[in-house]
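Novice: Per full-length UniProt numbering, the sequence shown starts with residue 1, numbered consecutively. Glycine is no exception: its CB is placed at the ideal position from the N, C-alpha and C atoms. One structure, pasted below without further comment.
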Amino acid sequence: MKALVAQDTLFRVRQTLRCPGGRVLDLGRPQVMGILNVTPDSFFAGSRLQAETELLQRAEHMLQAGATVLDLGGYSSRPGANDVPADEELARLLPAVEAVRRNFPEAFVSVDTFRARVAELAVQAGADIINDIGGGLLDEAMFATVARLRVPYILMHMRGTPQTMTQLTHYDTDLVQELVRYFRDRVAALRALWPDADVVLDPGFGFAKTQQQGYELLRRLPELRNILDLPLLVGLSRKTLVWKPLGLTPEAALPGTLVLNTLAVMGGANLLRVHDVAEAVQLVRLVQNTLSS
């Protein structure tokens, strides 16, 4: 286990992300990332945005509510989602990135993609951060692209693809140890190309994990954080492990999302990826007030 301790030189504590244009995103206190899906098939219908006016209205609302990062995606990664060609993903995503950057130059913009070409063109269009569900495994050119672009990178744990991940939930060893090994290997591969890379880790709730594994991972989030000592992104918003045990739907899952996100912040999450920004911002403030009082 000595190879997994926080002193490993791969895992250097940095509470800030250096973004294009010399801007710095401070993760010293938990921040909120708002989800903007320019897709017709994301699992939560309320998050789907098609027209530019609708996109900009939602982005403005999120920023006014306290979002620090806006995460734009043109490829639905819900379980069993249809594969979308890169050109179609680009046709959805690039106009959205350009519009958000043009209208909200102060916002930090993240792009949710596992494709290196899409990521590069999105950064050229104004994105600040690459959010990769594949952790560089779904496109072997991703790490070289991140290293060349010198932008912060969110590295998620997943097995398989969105089309196959629900069949890949068996782990031969302890779940947290599995994630630690995965993150150690992937961070090492990226930092072999860019030793000073800014990396955020995403445990990948709902990606090649059962509901019970999701609960275990949430309960053990402090353990994961202490071993890896890198910033953590947690994405639980309106997911199956929130609504299915309660016999609800994603549309009715806001209260449950707030409960689990509270546990995530208390467990050390630096960034909450959410559909409902105002509620998440309030949650973060109350948790901080409680823990600091």
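If you count every other CB in all the chains shown that lies within 10 Å of the CB of Gly28, and 16 or more means buried, which is it?
Specialist: With fewer than 16 Cβ atoms within 10 Å of its Cβ, Gly28 is classed as exposed.
Novice: Can you tell me the Cα-Cα spacing of Ala192 and Tyr153, whole angstroms?
Specialist: Approximately 15 Å between the Cα atoms of the pair.
Novice: What is the DSSP secondary structure of Asn289, counted as helix, strand or coil?
Specialist: Reduced to three states, the DSSP call for Asn289 is helix.
Novice: Could you give the uninterrupted runs of the beta strand (DSSP E) lying entirely in the segment 162 to 249, keeping only those of 3 residues or more?
Specialist: Runs of the beta strand (DSSP E) inside the segment 162 to 249: 199 to 202.
Novice: Using DSSP with H/G/I as helix, E/B as strand and the rest coil, what is Val277?
Specialist: Val277 falls in the helix class under three-state DSSP.
Novice: Does any residue of chain B bring its CB to less than 8 Å from the CB of Val265?
Specialist: Among the chains of the structure shown, chain B does not appear; only one protein chain is present.
Novice: Are the Cβ atoms of Leu138 and Phe114 separated by less than 8 Å?
Specialist: Taking 8 Å as the Cβ cut-off, Leu138 and Phe114 qualify as a contacting pair.
Novice: Could you give the distance in angstroms between the alpha-carbon of Asp202 and the alpha-carbon of Gly235?
Specialist: Rounded to the nearest angstrom, the two C-alpha atoms are 8 Å apart.
Novice: According to DSSP, what are the bridge partners of Asn131?
Specialist: Note: Asn131 sits in a beta bridge opposite Asp112 and Ile154.
Novice: If you check the beta carbons only, do Thr145 and Ala122 fall under 8 Å apart?
Specialist: Not a contact, by the Cβ cut-off of 8 Å.
Novice: Just to confirm my understanding: we take Leu246, look at its own chain, exclude 5 residues before and 5 after, and list those with CB closer than 7 Å. What are they?
Specialist: Gly256, listed in sequence order.
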